[in-house]
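Notes follow once the structure below has been shown.
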Amino acid sequence: MSDVKYAYYHSSKGYKIVGGNSNQLLRADGGVEDKADYSVKSANETFGGVKTFTLSPIIPNATSPNHAVNKEQLDAKIPYTGATANVDLGATNQIKAKEFDAIGSYVEKPNTNRNYEVLKLNGTALVVYQSNVWNGSAWGGSNSNGVGSYALQYNTGSYSNGCGEFSLQYNTGGYSNGFGYNTLQYNTGANSNGFGYVSLMYNTGDNSNGFGHYALRYNTGNNSNGFGYMSLMYNTGDGSNGIGYNALIYNTGNNSNGFGLSALRGNTGNNSNGFGYAPLMYNIGNESNGFGSYTLSHNTGNNSNGFGYESLQYNTGANSNGFGLWALRYNTGANNSVLGSNSFSNFYIDTVNAKLFDATAIDMTAKTITIPNHGFGTNGTYTNLKFTQGSSAITGLANGTIVQVKIIDANTIAYEEVIQAGQVRRSVNITNAGTGRT
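As structure tokens, then:
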């Protein structure tokens, strides 16, 4: 106690030092407090010419007449509750947003190019104005706007606008616009527009537009448009348009158009058009047109036209025309035209050229059947075959089923083929080859 000569406690003023080391204090219980943090930085009252203070910690760097405040104590006394009344934005009614070098960086970097973000409390952008973008060597024009979490994040497309979470994220296409969650995300096509969840996501086609959930997703065709769920999804055909659920999904034909559920689904024929439920589905023929459910479905003949339910379905003849239910169904001859329900709709069996094959001839991996010297047609063409069951059933292929196959070579036919993006063109789904002879 040699460092403290004497001290006393004043009930109203707290501790009072009248001698000893200024860094040591005598507590009311007789103990000595010798922490430097209790050094007096500013006086709040003079009592008999001696500075007085309270026991609360003194904040460093507090200078008179400024008052130091402990944040933890302040938060405990005045918790944050947000605005509790109308906020006056002042005479200009403006909110000052922060400036960023790159939209999506979320690191404040003031620059002369004026990219602005209004951030949510978690730090993600809610409202974005992108004045310029860095192309690697210089600043270029952008003038793009976004509303929603991550909208326009890492966008480099000029004059593009997005509304919705992730809209136009990583977009590079100029003059493109999206409305909805993930619209035009990763889009590279210029002058393209999407409305709906994930519409034009991964699109690369210029001047393409989609309206609906997944519309034009993964589309690569230029000047193509889709309206409806999954319309033109995975489409690669230029100048193609579809309206309806799955319209032109997996289409590869150029200048082809479809109206209706699954219209031109998996179509590969150019300049072909379909109206109705699944018209021209898996069609291969160019310049072919169908009106009605399943018209020209699995058609391979060029310049062929059908009007009526399942007219020209499985047709392989070129320049063929049918009007009426099932007209020219299973037709194989070229230059045929019929009028009326069921006109030439039967399958004509060629018993003379029938072939036998064992279950072991079916390759479940390659989706082929080996039949030596089958004589069914030339390589790359399609034909229809009727299956007659032998001693063992083939799962997925009922007795009497008519199957469309592709000629691979003189000894091999294929009952399935992949069009694109894993989409399979087939008329039957064989899942088990059986064990006997067919």
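Numbering-wise, the sequence shown is residues 221 to 658 according to this note's numbering.
All C-beta atoms in this analysis are idealised placements derived from N, C-alpha and C, irrespective of residue type, glycine included.
Nearest candidate by alpha-carbon position, reference residue i, set the options
i      : options                           : result
Ser561 : Met421, Arg549 and Phe447         : Arg549
Asn397 : Asn429, Ser369 and Tyr370         : Asn429
Ser387 : Ser451, Gln350 and Asn375         : Asn375
Asn503 : Gly512, Asn352, Asp458 and Leu516 : Leu516
Thr440 : Met450, Tyr449, Gly425 and Tyr434 : Gly425
Phe567 : Phe577, Leu576, Lys575 and Ala547 : Ala547
Asn631 : Met450, Leu576 and Gln373         : Leu576
Met450 : Ala467, Asn442 and Asn443         : Ala467
Where residue i sits in the DSSP three-state scheme
i      : result
Ala634 : strand
Thr590 : strand
Asn471 : coil
Thr603 : strand
Thr651 : coil
Thr621 : coil
Tyr422 : coil
Asn573 : helix
Thr615 : strand
Proximity test, residue i beta-carbon vs the ligand PLP heavy atom, cut-off 6 Å
i      : result
Phe415 : In the structure on display, the ligand PLP does not appear, and there are no ligands present to speak of.
Rounded straight-line distance, which links the Cα of residue j to that of residue i
i      : j      : result
Phe596 : Asn556 : 21 Å
Asn541 : Gly356 : 58 Å
Ala358 : Ile627 : 57 Å
Arg646 : Ser412 : 33 Å
Asp629 : Tyr635 : 13 Å
Gly457 : Val648 : 26 Å
Gly505 : Met453 : 21 Å
Gly432 : Thr621 : 37 Å
His518 : Asp570 : 21 Å
Thr608 : Asn619 : 5 Å
Glu637 : Gly409 : 30 Å
Thr488 : Arg437 : 18 Å
Asn539 : Gln350 : 55 Å
Leu559 : Val644 : 33 Å
Ser563 : Gly616 : 29 Å
Ile650 : Tyr529 : 26 Å
Ala641 : Asn455 : 10 Å
Phe415 : Tyr390 : 17 Å
Within 7 Å, strictly: CB atoms of residue i and residue j
i      : j      : result
Gly480 : Tyr497 : yes
Ile469 : Phe447 : no
Ser419 : Thr403 : yes
Asn525 : Asn551 : no
Asp614 : Gly654 : The displayed chain sequence assigns Ile, not Asp, to residue 614. In contact: Ile614 and Gly654 (Cβ atoms closer than 7 Å).
Ser482 : Asn471 : no
Tyr194 : Gly400 : Lying before the first or after the last residue shown, residue 194 is absent from the chain, which here runs from 221 to 658.
Ala579 : Ser612 : yes
Ser380 : Ser364 : yes
Asn474 : Asn493 : no
Gly382 : Leu372 : yes
Val625 : Ile633 : yes
Asn427 : Asn442 : yes
The stretch 571-587 in contact with the stretch 530-544 per 3-pair CB rule at 8 Å:
Result no; under three Cβ-Cβ pairs closer than 8 Å.
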